[in-house]
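Let me begin by presenting the structure, written as structure tokens, before commenting on it.
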Amino acid sequence: MHAADSHDLIKVRGARVNNLKDIDVDLPKRRLTVVTGVSGSGKSSLVFGTIAAESQRLINETYPAFVQGFMQAPARPDVDDLQILSAAIAVDQERLGANARSTVGTATDALHMLRLIFSRLSTPHVGPATAFSFNVASATGHGALKVNKGKAKAERKDFEIIGGMCPNCEGLGRVSDINLEAIIDRDKTLNEGAILAPNFGPGTWYWVYYGESPKLDPDTPIKDFTAEQYDYFMYGEPEKIKLRTGINTTYEGLIPKIRRVFLDKETEVKQAHVRAFIERAASFTPCPECGGTRLNEAARTATVAGATLPELCAMQVDALKVWADQLAEPKIAPVLTGLSAILAAMVDVGLGYLSLDRESGTLSGGEAQRVKMIRHLGSALTDIIYVFDEPTVGLHPHDIARMNSLLLGLRDKGNTVLVVEHKPEVMEIADHLIDIGPGAGSAGGKVTFEGSFAELTATDTITARSLATRSPLRTEVRKPNGVIEIRGAATNNLKDVDVDIPLGVLTVVTGVAGSGKSSLIHGSLAAREDVLVVDQSAIKGSRRSNPATYTGLLDPIRTMFAKANGVKPALFSPNSAGACPTCSGQGVIYTDLAMMAGVATTCPECEGRRFQPEVLTYRLDGHTIADVLNMTVERAAEVFTSGKPKKILATLIDVGLGYLRLGQPLSTLSGGERQRIKLATQLGPEAAIYVLDEPTSGLHLADTAHLIEMLHRLVAAGHTIVVIEHNLAVMAQADHLIDVGPGAGHDGGEIVFTGTPRELAAAETLTGQALSAYSKGTKV
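Just so it is clear: in the sequence shown, position 446 is 446 by full-length UniProt numbering, and no numbers are missing.
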């Protein structure tokens, strides 16, 4: 540890971001500080919403106003003063973009370095680094006008771009095959809606290309078209035509139009009906020309040290590092050093099982955070504030020690490391601990403890009590009432696995990160009709989305208000007829200051209540609709004691969200809160089997205990629960455990144990060793 002067502190004074109660706190610089507390207590509000946000805002202010206009500058956080602040780098759990062109290799820059190596050493020699890029197409043409000094006329200069993109799939690595039955109804006419694709119905803009085409009769069934008409309708080449309405336009056949509008887009499709159509209408297969490598022939066949670029990208990172370390070429030594450093960092953060060709959109939140961490581990910068949001999420207990070493390494380089974390293993290595609480939401937002780990354990805070409590290994396990047989599972790294999932009990599937847990369950179980999967995919929350709207709670409440007052339900929606016209029902006015950060101020008309004054004259049991939206879930449960509202509110309380306000924007919720509200909306009697993917992510030790109680209640109600988890408290309370391993990637993919918690604690697997140590209160 480094000695620190008493004045060498980040001083936070009067912080009021979200639920923080005007708190004052000092954080030692060049130390590892862990901030903990129950879910929703205000940890992220302090670390990310106050310290990191203000640091980023101050950095942005150093740029010229013109440059700031092109940046996303956050508004000043609600804090009186922040002193002795350094530049902050926030590494959160937001997933990497789902763009099909983004891979682990592109996200870490490792692929760029490999391309440089191939551009210098490949046999045969292909060309510059862009010649090995699947995102760059080869092209020739004329460049910009070039004016020679002393000459009045300009010249165009020919240019040539050498890219590595496969011309057949345009660098995506896959092509789509269209199911014509999902595209058209041959028995119908165009006027009757023969085209089944979304937004192609009669009278729509896309429809007029066909329904108003002079070559097609809109009142003839598709099955009665001549061969020539059908070919023109389905596959016609682009051509200029005049529609029967007199509009000049360019016609193209329905199939190429469908491909262009729906299938060739690289952005994530958000509309559910469009996603459903794509799933019905198209199947994606590896490109037959490039074999899924995304590269043209020259780029995919050239070799360095006997290996092609696609072969290297398909290797596990730990194996690729061995290849790179053996490549002794002095003329590219700097590139090799850089590549080896990136690959070594990936192995150090527990990502050695990934390959560079893995699409970044398929990574979990924990994997995405660790990928983002890679570029910082070898940085020469010091005196930086690094802010991490549960860096151990998704890590097996066996891997946490390695993550701790990395956090300490960043500190020892002279940096301030702030970590929001619930794991006792991380709290133990902290130089300084800050506990936020005592409760969640309005019951939290205060500093309940500052000091060392030993000092924390001597207090009576919720965190200290939770540290002293361990879930006992379940002794009386439930008996299954049947099994689901999984046979020959070979998804990703699974090695032809056979395993039985017991019905009517709580099953926990565990194993080190990358062992094949998710491949086993999502690949073999999730596709069944009676299975409901609650995974970690993000909730799309806007300023207008809140727990009341997201869970469907607002609809019955609006109906109750309408019946009680004899008016229409739309009046009681801040997004509809009852909205305050000044703020459009948002409760705040967002002012765009062009080149400066925007400012949000409470609406002067409705004073933040979001509704027109007339709407607030209507009451239900003495409450206005604004009062209801300002209630916590627990308070609302006391008011709405029957029907659908009662069920929704009870489920929200079950998942530990009783403290949330019904009208709180989803955009202000933490990652753990968002996952649990998603869980609450999907729990119900209709699904027999629930699959939960790391439901303890973002949960405090005390909240994990509540979650375990909820899982037991679901099993008692007759459901089968399958949980993919690393949490030892959850494992200890399982009826049945399936351990996948023994290692990650190629070293995993096997079932190394099935049985009860007591049996696993006596086993020699990595998970067994960790569970045994947990049950005895010792370290692994």
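Cβ atoms here follow ideal geometry from the backbone N, Cα and C, with glycine treated the same way.
CA nearest to the CA of residue i, picked from the options
{"i": "residue 422", "options": "13, 10, 27, 33", "result": "33"}
{"i": "residue 698", "options": "673, 709, 680", "result": "673"}
{"i": "residue 315", "options": "486, 475, 114, 18", "result": "114"}
{"i": "residue 771", "options": "700, 512, 703", "result": "512"}
{"i": "residue 219", "options": "186, 236, 234", "result": "186"}
{"i": "residue 181", "options": "215, 111, 234", "result": "234"}
{"i": "residue 110", "options": "324, 656, 528, 297", "result": "324"}
{"i": "residue 99", "options": "128, 359, 43", "result": "359"}
{"i": "residue 756", "options": "731, 745, 747", "result": "731"}
{"i": "residue 437", "options": "36, 15, 22, 18", "result": "36"}
{"i": "residue 293", "options": "356, 496, 677", "result": "356"}
{"i": "residue 244", "options": "208, 236, 255", "result": "208"}
{"i": "residue 24", "options": "749, 683, 450", "result": "450"}
{"i": "residue 30", "options": "321, 432, 64", "result": "432"}
{"i": "residue 683", "options": "647, 361, 81", "result": "647"}
{"i": "residue 59", "options": "277, 384, 289, 695", "result": "384"}
{"i": "residue 279", "options": "263, 452, 101", "result": "263"}
{"i": "residue 223", "options": "238, 194, 198, 242", "result": "194"}
{"i": "residue 680", "options": "668, 604, 649", "result": "649"}
{"i": "residue 133", "options": "101, 141, 158", "result": "101"}
{"i": "residue 340", "options": "130, 374, 370, 311", "result": "374"}
{"i": "residue 666", "options": "743, 548, 289", "result": "548"}
{"i": "residue 348", "options": "622, 318, 453", "result": "318"}
Start and end residues, beta strand (DSSP E) containing residue i
{"i": "residue 107", "result": "No beta strand (DSSP E) holds residue 107; the alpha helix (DSSP H) holding it covers 104 to 108."}
{"i": "residue 54", "result": "Element bounds for residue 54: not the beta strand (DSSP E) but the alpha helix (DSSP H), 53 to 60."}
{"i": "residue 692", "result": "689 to 693"}
{"i": "residue 261", "result": "Note, residue 261: premise wrong, no beta strand (DSSP E); not H, not E."}
{"i": "residue 90", "result": "88 to 91"}
{"i": "residue 386", "result": "385 to 389"}
{"i": "residue 248", "result": "248 to 251"}
{"i": "residue 448", "result": "446 to 451"}
{"i": "residue 435", "result": "432 to 437"}
{"i": "residue 750", "result": "750 to 755"}
{"i": "residue 195", "result": "It is not in any beta strand (DSSP E) - residue 195 carries neither H nor E in the DSSP assignment."}
Endpoints, the alpha helix (DSSP H) within which residue i is located
{"i": "residue 229", "result": "227 to 235"}
{"i": "residue 206", "result": "205 to 211"}
{"i": "residue 726", "result": "Unbroken run through residue 726: none, as it is neither H nor E."}
{"i": "residue 411", "result": "397 to 412"}
{"i": "residue 769", "result": "766 to 776"}
{"i": "residue 49", "result": "Here residue 49 belongs to no alpha helix (DSSP H), and DSSP marks it neither H nor E."}
{"i": "residue 318", "result": "317 to 325"}
{"i": "residue 67", "result": "65 to 68"}
{"i": "residue 550", "result": "547 to 550"}
{"i": "residue 462", "result": "462 to 467"}
{"i": "residue 563", "result": "554 to 565"}
DSSP bridge partner residues for residue i (one or two, in chain order)
{"i": "residue 176", "result": "284"}
{"i": "residue 658", "result": "Per DSSP, none; premise fails for residue 658."}
{"i": "residue 700", "result": "None, per the DSSP bridge assignment."}
{"i": "residue 532", "result": "690"}
{"i": "residue 139", "result": "161"}
{"i": "residue 304", "result": "307"}
{"i": "residue 81", "result": "13"}
{"i": "residue 489", "result": "497"}
{"i": "residue 420", "result": "35, 389"}
{"i": "residue 242", "result": "248"}
{"i": "residue 123", "result": "303"}
{"i": "residue 720", "result": "689"}
Does the region 508 to 522 come within contact of the region 543 to 558, defined as at least 3 CB pairs closer than 8 Å? no
At which residue ranges does the region 573 to 655 contain complete alpha helix (DSSP H) runs of 4 or more residues, listed in the order of the chain? 625 to 629, 633 to 639, 643 to 654
Start-end ranges of the beta strand (DSSP E) lying completely within the region 21 to 47, minimum 3 residues: 23 to 28, 32 to 36
Contact between the region 11 to 26 and the region 401 to 409: three or more CB pairs below 8 Å? no
Would you call the region 163 to 171 in contact with the region 134 to 142, where contact means no fewer than 3 C-beta pairs closer than 8 Å? yes
Touch test, the region 43 to 58 against the region 373 to 380, Cβ-Cβ under 8 Å, three pairs minimum: no
Stretch-stretch touch, CB-based, cutoff 8 Å, three pairs: the region 600 to 616 with the region 555 to 574: yes
Using 8 Å as the Cβ pair cut-off and three pairs as the minimum, do the region 120 to 135 and the region 297 to 306 touch? yes
Going residue by residue through the region 492 to 530, where are the continuous beta strand (DSSP E) segments of at least 3 residues, counting only ones entirely within it? 497 to 502, 506 to 510
Does the pairing of the region 473 to 489 with the region 719 to 739 give three or more beta-carbon distances under 8 Å? yes
Taking three-plus beta-carbon pairs below 8 Å as touching, is the region 485 to 494 in contact with the region 457 to 466? no
Using 8 Å as the threshold, is the region 243 to 263 in touch with the region 195 to 212, meaning 3 or more CB pairs across them? yes
Segment contact, 8 Å Cβ cut-off, at least three pairs: the region 711 to 723 with the region 500 to 507: yes
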